[in-house]
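What follows is a single structure, written as structure tokens, with notes after it.
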Amino acid sequence: MARTAVAQDQIPLHLAISEKLRGQIFNERYTPGEQLPSEHQLMEQFGVSRITVRRAIANLVNQGLVVSQRGRGVFVKPQQKVTRSLSNPLIFFDEDMGRQGVSTSIRSLSFETLPPPYEVRHKLKLLPSVEQIYCQTKVILTEQVPVALDITYIPLEIGKTFAKELQSSLIYPTLDKNGVSIERVETTLECTHATHNVSEHLEIPLGAPLLVNRYTTYTSQNQPIICGETLSRGDRLCYSVVLTKSTPEK
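As numbered in the working numbering, residues 18 to 267 make up the sequence shown, in order.
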């Protein structure tokens with residue numbers, strides 16, 4: 018069997034091997050329920066020791082991609098795909114997931130002030146005198162698996178008030194329970210591919226397909242209050258919407 022080359026000068030071998038196998042799982046070289054090659058076969062394929070192969074498999078187990086069955090081997094684990102409804106985006110994400118029996122959590126990566134980008138300034142209708150805005154980057158997890166990377170821009174007064182809560186909570190429930198009324202959300206959906214930075218945070222291969230949900234949220238006074246984008250794993254999250262026929266105005 019021809020050996021598969023893995024990068025040895027950048028990352029540890031066991032990580033390089035698990036990354037290679039993870040890419041093959043995402044590309045459906047190995048499908049849900051299918052058995053991975055045996056330890057001996059992987060040792061031959063990559064030219065590494067048994068302990069290196071076992072560490073690589075352990076990485077995949079920890080990522081929820083495979084399950085190890087004693088005496089049988091290692092099998093690709095069926096991936097649970099959840100649905101986010103856009104028909105009523107004001108049903109909070111955690112509530113929407115709860116209805117599907119799915120637990121949610123977040124991992125805040127950064128919460129900082131920065132000059133508002135032009136597009137953000139336009140969407141939030143910021144005055145020229147506004148020089149800083151909060152930006153929070155967080156990973157959203159379902160069943161402890163990263164499914165989305167969210168980047169939210171928040172006006173200073175809101176960011177200062179709720180900074181502590183936002184380190185561990187999603188923004189919509191935080192605003193709601195503190196009396197900030199949200200009236201509507203304008204959103205657009207696009208497709209893209211994972212960059213190196215995104216692939217690391219979402220534990221997916223470089224170039225994996227993503228859905229991008231760009232949103233602007235308004236209060237009951239029609240004031241834009243937050244905007245941002247959510248990059249979601251195409252293998253873990255999908256969006257649904259109910260369309261109804263409207264009656265033309267006479």
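From the three backbone atoms N, C-alpha and C, an ideal C-beta is built for every residue, glycine too. Quick caveat, the model's predicted, so the values are computed rather than measured.
| message | Considering Cα atoms alone, identify which of ALA33, PRO241, GLN27 is closest to LYS140. | response | PRO241
| message | Less than 8 Å between the C-beta atoms of PRO222 and ARG46, yes or no? | response | no
| request: Report, in whole angstroms, the separation of the C-beta atoms of ILE150 and VAL137, which I expect to be a contact under 8 Å. | output: 7 Å
| field | Nearest-angstrom Cα separation, counted from THR154 out to LEU144 | value | 24 Å
| message | Only counting the same chain, and skipping five residues up and downstream in sequence, which positions put a Cβ closer than 6 Å to that of LEU158? | response | SER122
| message | Quick check: the segment 80-92 against the segment 113-131, are at least 3 beta-carbon pairs closer than 8 Å? | response | no
| So which of GLU182, GLU217, THR48, THR191 has the shortest CA-CA distance to GLU112? | THR191
| Is DSSP giving LYS194 helix, strand or coil here? | helix
| request: Could you name the residues that DSSP lists as bridge partners for ILE199? | output: THR236
| Which of helix, strand or coil does DSSP assign to TYR47? | coil
| task | Look at the alpha carbon of SER66 and the alpha carbon of ALA33, and state the distance between them as a whole number of angstroms. | result | 14 Å
| query | Looking only at DSSP bridge pairs, what is GLY90 linked to? | reply | GLN86
| query | Can you round the beta-carbon distance between ILE243 and THR169 to whole angstroms, since I take them to be within the 8 Å contact cut? | reply | 6 Å
| field | Counted within 10 angstroms of its Cβ, other Cβ atoms place GLY245 as buried (16 or more) or exposed | value | buried
| Nonlocal neighbours in the same chain, by C-beta distance under 7 Å from THR204, ignoring five residues either side | LEU103, PRO106, ASN230, ARG231, TYR232
| said: Out of ILE175, ALA225, PHE128, GLU174, which one is the CA nearest neighbour of GLN184? | reply: PHE128
| said: Looking at the secondary structure, which residues open and close the alpha helix (DSSP H) in which GLY115 lies? | reply: 110-116
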